[in-house]
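S.K.:
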Amino acid sequence: MVDLIVSILQVPGEILRNVILAIPLWIARGLFILYPVILLWWIISMEKSEVRDVIHGQTKPVDLRPFVAVSLIGQVIIYLVF
1 MVDLIVSILQ
11 VPGEILRNVI
21 LAIPLWIARG
31 LFILYPVILL
41 WWIISMEKSE
51 VRDVIHGQTK
61 PVDLRPFVAV
71 SLIGQVIIYL
81 VF
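Have a look at this one:
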């Protein structure tokens, strides 16, 4: 039974592998860098009421955008360096 499943899945798996290997590395790297940049733009463009939250033990709401910005910019820098 296992051999039957493996033989059925081998052809589409090989096709998918060849398609993925045909993608140039610079395009894949660009997509990995573009995704956090798009998220950063989306978070920054959100209304202030959508990105504020109250931390447990405090009464004043905290704007979460700076924390998100630092983490996403850090992620982009890591992708650019490595």
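Read in the numbering used here, the sequence shown has 54 at position 54, and its numbers run on one by one without any break.
For each residue, glycine too, the CB sits at the ideal point set by N, CA and C.
A quick note: this is a predicted structure, and the numbers were derived from the prediction, not measured.
(1) Could you round the C-beta distance between ARG52 and VAL62 to whole angstroms and report it? I think they count as a contact, below 8 Å.
(2) What did DSSP end up calling VAL76 once you bin it into helix, strand or coil?
(3) Are the beta-carbon atoms belonging to LEU72 and LEU31 less than 8 Å from one another?
(4) Could you work out which residue in LEU64, GLU47, SER45 and MET46 is closest to VAL54 when comparing CA atoms only?
(5) Considering only DSSP beta bridges, list what VAL62 is partnered with.
M.R.: Answer, in terms of the structure:
(1) Rounded, the Cβ-Cβ distance is 7 Å, consistent with contact.
(2) helix
(3) no
(4) A check of alpha carbon separations from VAL54 across LEU64, GLU47, SER45 and MET46 identifies LEU64 as the nearest.
(5) DSSP output for VAL62 lists ASP53 as bridge partner(s).
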